[in-house]
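Sequences listed follow chains W and B, in order.
By numbering that gives the first Met the number 0, the letter at position 122 of the first sequence is numbered 121, and the numbering carries on one by one without gaps.
By numbering that gives the first Met the number 0, the letter at position 107 of the second sequence is numbered 106, and the numbering carries on one by one without gaps.
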Amino acid sequence: MIIIHKKLGRLYFIQAFAVPTVWLGMYIPGIDVLLAIVYILIIFAEGKSSMDSLGSSRVFVLALLWQMPGFLLAALFLLTQSLYFVVMLELWATPLIPFISLLPKFLALSGIAYYQVFFAALLVMIFFFVIPFMLYKWGNK
Amino acid sequence: MYWIRNNSVSRMALFPVLSAILLLIIIAQNTSLIVGRRDSVIYTYTASFLNGNIGTGYGLPQTYFLSEEELVPGDIILGGYPGCAYGKYSHAGLYLGNGEVLEGYVDVGVSRQPLEHYMSYSYLCVLRVRTEQKNRNNAVNYALRYEGTCFYPVSFKAGDRYWNCTKVIWRAYLEQGINLDLHNDIFIAPESFCLSPAVDILLEKENDHYS
Numbered sequence: 000m001i002i003i004h005k006k007l008g009r010l011y012f013i014q015a016f017a018v019p020t021v022w023l024g025m026y027i028p029g030i031d032v033l034l035a036i037v038y039i040l041i042i043f044a045e046g047k048s049s050m051d052s053l054g055s056s057r058v059f060v061l062a063l064l065w066q067m068p069g070f071l072l073a074a075l076f077l078l079t080q081s082l083y084f085v086v087m088l089e090l091w092a093t094p095l096i097p098f099i100s101l102l103p104k105f106l107a108l109s110g111i112a113y114y115q116v117f118f119a120a121l122l123v124m125i126f127f128f129v130i131p132f133m134l135y136k137w138g139n140k
Numbered sequence: 000m001y002w003i004r005n006n007s008v009s010r011m012a013l014f015p016v017l018s019a020i021l022l023l024i025i026i027a028q029n030t031s032l033i034v035g036r037r038d039s040v041i042y043t044y045t046a047s048f049l050n051g052n053i054g055t056g057y058g059l060p061q062t063y064f065l066s067e068e069e070l071v072p073g074d075i076i077l078g079g080y081p082g083c084a085y086g087k088y089s090h091a092g093l094y095l096g097n098g099e100v101l102e103g104y105v106d107v108g109v110s111r112q113p114l115e116h117y118m119s120y121s122y123l124c125v126l127r128v129r130t131e132q133k134n135r136n137n138a139v140n141y142a143l144r145y146e147g148t149c150f151y152p153v154s155f156k157a158g159d160r161y162w163n164c165t166k167v168i169w170r171a172y173l174e175q176g177i178n179l180d181l182h183n184d185i186f187i188a189p190e191s192f193c194l195s196p197a198v199d200i201l202l203e204k205e206n207d208h209y210s
């Protein structure tokens, strides 16, 4: 339990600093995309090391707890339709926003880009849990 | 990749270090905005935040009906509520004609919205840029190229991938040789347009409750 708390603390620490870093990276166009890639690499590495030490079910719980703010904000927006929650969700998902900004306009115009923000928490879980889990299972065959 | 994968301390320290470096770069390039500039967006927001205002504010809708006949394409429409953290106005749009406004909005990005949208604001202002209508039309056409692009609330002026309501207007007119930001700030707030010597204020209205 203590290990999960420690891991969760690490993840929130990384997220808390990834948000302002990627935002500040937007000041120099292109740096934000590099930082978003670094973010993905870091969370993948965190997921991989957690998978090796905790096992898949605990890592899944860890992923849910870590991205709970994102899920909550998306749910609150759907319930209240208050745009403040979309702003907060967009700020929470800042490390992934560079990828959304690279989407072709025809996707953006269809509104798909915006739904990406709502699914950002799920996207993060893919890199933190799903891919390391697949590698873990593959390695244990 | 090896370094990120195998060094857990570095994974924790990387973003704090990078954010400090980027912050120093931005401060070094914009020292006048950080020190002593009470008209900068950063100062305005910080002062408002310390007074308990963090968002766009709340208020009653506008009682004045803004009609299409009063506007030409290229006019800038501002809307605001009492308690807005970054000035009197929280939102800006570029009038396209035919009752449509191009604006950067939080849930749908840079998009066309009906003019009536601005009636929901307590404060309303219409600005006309002092230039030929040909330049206003060119600004509109330039801004329309960014329809569908990504909205980010705290967009820096640099770059073409992140837009908010003011940046798309500012850039559209900058491409016509008109800089609407008198202070050359790193962000641009809606109220900055009112302060520009390049605009005429055609109309300023507020809900009678706030008069």
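Using N, Cα and C, we set each Cβ at its ideal position, and we do this for glycine too.
Exposure label - residue i; buried when at least 16 CB within 10 Å
| i | result |
| --- | --- |
| G54/W | exposed |
| N163/B | buried |
| R135/B | buried |
| H90/B | buried |
| L114/B | buried |
| E190/B | buried |
| D199/B | exposed |
| F64/B | exposed |
| V296/B | The first residue shown for chain B is 0 and the last is 210, placing residue 296/B beyond what the model contains. |
Where residue i falls: helix, strand or coil (DSSP)
| i | result |
| --- | --- |
| Q112/B | strand |
| Y26/W | coil |
| G79/B | strand |
| H4/W | helix |
| E102/B | strand |
| R144/B | coil |
| I200/B | strand |
| V125/B | strand |
| F14/B | helix |
| Y120/B | coil |
| A74/W | helix |
| F126/W | helix |
| F155/B | coil |
| F84/W | helix |
| A91/B | strand |
| G54/W | coil |
| G86/B | coil |
| E256/B | Limits of chain B in this structure are 0 at one end and 210 at the other, which puts residue 256/B out of reach. |
For residue j and residue i, believed in contact at Cβ under 8 Å, the rounded distance
| i | j | result |
| --- | --- | --- |
| M47/W | P103/W | The sequence shown places Lys at residue 47/W, rather than the Met named in the question. Actually they are not in contact, since the Cβ atoms of K47/W and P103/W sit about 31 Å apart, beyond 8 Å. |
| G108/B | P28/W | Actually they are not in contact, since the Cβ atoms of G108/B and P28/W sit about 18 Å apart, beyond 8 Å. |
| L17/B | L34/W | 7 Å |
| R129/B | A197/B | 6 Å |
| Y85/B | A188/B | 5 Å |
| F16/W | P15/B | 5 Å |
Contacting residues, own chain, Cβ-Cβ under 6 Å from residue i (five flanking each side not counted)
| i | result |
| --- | --- |
| A138/B | G73, A171, Y172 and Q175 |
| M25/W | D31 |
| E146/B | V109 |
| C124/B | L77 and E203 |
| Y88/B | L77, G79, P189 and E190 |
Cβ-heavy atom distance, residue i to the ligand SAH, below 6 Å
| i | result |
| --- | --- |
| F150/B | As far as ligands go, the structure on display features none, and thus does not contain the ligand SAH. |
Chain-order list of residues whose beta-carbon lies under 8 Å from that of residue i (same chain, five-residue window excluded)
| i | result |
| --- | --- |
| V18/W | L90, W91, T93 and P94 |
| F126/W | I39, I42, F43 and G46 |
Sequence-distant residues of the same chain with beta carbon closer than 7 Å to residue i, five excluded per side
| i | result |
| --- | --- |
| M124/W | A62 and Q66 |
| S154/B | Y161, W162, N163 and K166 |
| G69/W | L88, W91, A92, A119 and A120 |
| G98/B | E67, P113 and L114 |
| S49/W | K6, V58 and L61 |
Proximity winner among the options, relative to residue i (alpha-carbon distances)
| i | options | result |
| --- | --- | --- |
| L143/B | V71/B, Y80/B, P15/B and V100/B | V100/B |
| G138/W | D51/W, K5/W and L34/W | D51/W |
| M133/W | G69/W, S56/W and F117/W | S56/W |
| V58/W | H4/W, W22/W and L82/W | H4/W |
| E131/B | F64/B, T165/B and I177/B | I177/B |
| N183/B | A197/B, I168/B and K156/B | K156/B |
| A73/W | Q14/W, G8/W and F117/W | F117/W |
| P97/W | L23/W, V85/W, L7/W and F12/W | L23/W |
| I78/B | Y117/B, E102/B and I24/B | One detail in the question is off: residue 78/B reads as Gly in this sequence, not Ile. Ranking Y117/B, E102/B and I24/B by Cα distance to G78/B puts Y117/B first. |
| C149/B | G8/W, L71/W, V86/W and V37/W | V86/W |
| L202/B | A19/B, M11/B, I75/B and L22/B | I75/B |
| I36/W | L101/W, K136/W and I2/W | L101/W |
| E69/B | G96/B, R10/B and Y88/B | G96/B |
| S119/B | V71/B, S195/B, L13/B and Y80/B | Y80/B |
Short CB-CB distance (under 7 Å) between residue i and chain A
| i | result |
| --- | --- |
| G96/B | Looking at the structure shown, chain A is missing, and the protein chains on hand are W and B. |
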